[in-house]
Ligand code: PMP
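Residue numbers (my numbering): 1 to 410.
Pasting the structure below:
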């Protein structure tokens with residue numbers, strides 16, 4: 001029996017190695033008010049009119065309190081699913097309410113899909129870098145995650161083709177491709193139509209299932225709408241949506257659009273996990289989408305983030321060394337910065353926090369130890385003045401690190 005943890009011997013084998021990363025420990029310090037945090041991934045919900053949300057919630061209780069305060073079905077409220085179809089139509093996805101399963105955010109969708117599809121040792125292909133929450137949702141079921149490189153246009157189809165050929169030659173058939181085609185987390189970039197088509201052709205050739213995760217599609221800085229993969233190949237693509245970035249992450253409302261057989265199993269898994277989605281937040285979200293000009297709100301989020309992103313990029317241009325590279329984000333919440341190879345962003349983080357600025361080191365976004373010279377910077381939460389100050393602090397620190405490394409001959 002371990003002195004530190006009396007339950008150690010009882011944990012399931014897959015849970016034995018679970019530990020909070022050292023990055024997470026540092027973030028406890030990074031939440032101090034004097035630290036400018038560019039580390040989180042939170043939307044700025046102050047864009048919302050809280051009184052209006054309260055009015056919608058009060059109306060829900062007055063008109064349908066008996067339903068809202070009761071258990072609901074495992075697939076989610078039919079009225080909400082109807083509204084979610086309207087949300088998806090703005091991105092040209094046509095679906096019927098029965099095609100959807102409501103989940104507790106996109107995160108639960110990732111977890112349920114992982115439970116449904118992943119056995120230990122399965123191979124999964126994902127962009128490198130990829131969303132840290134997907135890596136941990138998948139990681140619970142012990143797959144091998146194989147990353148495919150990205151450039152300023154997102155996932156590179158030629159690199160995907162090479163990876164799929166290599167895996168086939170090795171007899172390691174991947175089960176799925178996980179991708180975030182719009183304003184990717186963490187890379188901030190989007191796939192054009194040509195790449196989308198090329199990726200789907202490869203998926204077809206290799207009989208690969210695709211999970212398309214689209215939390216940020218509507219937060220496009222040029223107000224462009226990009227064709228979701230699911231509209232191009234509905235039988236091959238499982239689509240995940242969420243209200244977290246276009247309304248509120250506190251609602252915990254996400255959904256999956258999937259072919260019937262997958263959907264039926266997802267409902268069973270959802271029921272096994274939490275019986276049903278909260279009927280309270282489902283009813284509020286439904287009434288919000290039905291009665292409020294929610295697209296105006298989405299535009300307000302997008303404009304605010306675009307302004308802050310511009311401030312961040314301009315400040316990086318002057319404060320970071322010339323060798324630093326950042327792909328201009330097409331939308332969303334994040335910018336991805338590559339620093340000179342001598343810099344290890346993980347090792348630098350404690351010194352950054354000392355210098356009163358925080359970011360997420362690149363290696364958090366790779367399952368294979370990549371990303372050491374990269375960092376993710378968030379521009380949705382801190383205001384422009386703080387963002388500018390944070391980038392100046394970071395630029396000064398990077399300059400000092402490079403001088404030191406040079407002095408020691410590395
Ligand atoms: N997918 C991606 C790519 C994300 O960035 C996030 C949240 N940051 C999620 C899924 C999950 O978000 P939520 O559970 O709030 O919908």
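C-beta: ideal position from N, C-alpha, C; glycine also.
Does the Cβ-Cβ distance between residue 336 and residue 186 come in under 8 Å? Contact: yes.
Below 8 Å between beta carbons: does that hold for residue 229 and residue 210? Yes, these two residues count as a Cβ contact at 8 Å.
Pick out the complete alpha helix (DSSP H) segments inside the segment 83–118, 4 residues or longer, and give them in chain order. Runs of the alpha helix (DSSP H) inside the segment 83–118: 105–117.
Which same chain residues, not among the five before or five after residue 389, have their C-beta less than 7 Å away from its C-beta? Here the set comprises 36.
Along the alpha helix (DSSP H) that carries residue 229, what are the first and last residues, could you check? 229–232 is the span of the alpha helix (DSSP H), which, as asked, contains residue 229.
Evaluate the contact criterion for the segment 239–252 versus the segment 84–94: three or more CB pairs, one atom per stretch, below 8 Å. The answer is yes - the segment 84–94 touches the segment 239–252, with three or more Cβ pairs under 8 Å.
Assigned secondary structure, residue 413 (DSSP; H/G/I helix, E/B strand, else coil): Residue 413 cannot be examined here, being either before or after the span of the chain that is shown, 1 to 410.
Am I right that residue 286 and residue 77 are in contact with their C-beta atoms under 8 Å? What's the rounded C-beta distance? That belief holds up - the Cβ atoms of residue 286 and residue 77 are roughly 6 Å apart, short of 8 Å.
Can the beta-carbon of residue 321 be found less than 8 Å from the beta-carbon of residue 402? For residue 321 and residue 402, yes; Cβs fall inside 8 Å.
Does the ligand PMP have even one heavy atom less than 7 Å from the beta-carbon of residue 249? For the ligand PMP, at least one heavy atom lies less than 7 Å from the Cβ of residue 249.
Please classify residue 253 as buried or exposed, where buried requires at least 16 other C-beta atoms within 10 Å of its C-beta. Under this definition residue 253 is a buried residue.
Segments assigned alpha helix (DSSP H), at least 4 residues, entirely inside the segment 304–369: Within the segment 304–369, the complete alpha helix (DSSP H) runs of at least 4 residues are 345–354.
What are the boundary residues of the beta strand (DSSP E) that includes residue 174? Residue 174 -> beta strand (DSSP E) spans 174–179.
DSSP three-state assignment for residue 372, whether helix, strand or coil: Three-state result, residue 372: coil.
Measuring straight from C-alpha to C-alpha, what distance separates residue 128 and residue 137? Going from the Cα of residue 128 to the Cα of residue 137 covers about 16 Å.
Less than 8 Å separating the beta-carbons of residue 377 and residue 334? The Cβ atoms of residue 377 and residue 334 sit closer than 8 Å to each other.
Below 8 Å on the Cβ atoms is my guess for residue 108 versus residue 133; work out the distance and round it to an integer in Å. The pair is not a contact, with the Cβ atoms about 11 Å apart (cut-off 8 Å).
Let me know the alpha helix (DSSP H) ranges lying completely inside the segment 239–298, each 4 residues or longer, listed in chain order. If we require 4 residues or more, the alpha helix (DSSP H) runs fully inside the segment 239–298 come out as 260–274 and 279–291.
Taking a contact to mean a Cβ-Cβ separation below 8 Å, would you say residue 302 touches residue 189 in this structure? No, Cβ-Cβ distance for residue 302 and residue 189 is not below 8 Å.
Residue 155 (DSSP reduced to helix, strand or coil): Look at residue 155 here: in three-state DSSP terms it is strand.
Let's see if you can read the secondary structure: which residues bound the alpha helix (DSSP H) around residue 205? Start and end: 193–205.
Can we say the segment 29–45 touches the segment 366–373, given the rule of at least three CB pairs closer than 8 Å? Here the segment 29–45 makes no contact with the segment 366–373; the two share fewer than three CB pairs at distances below 8 Å.
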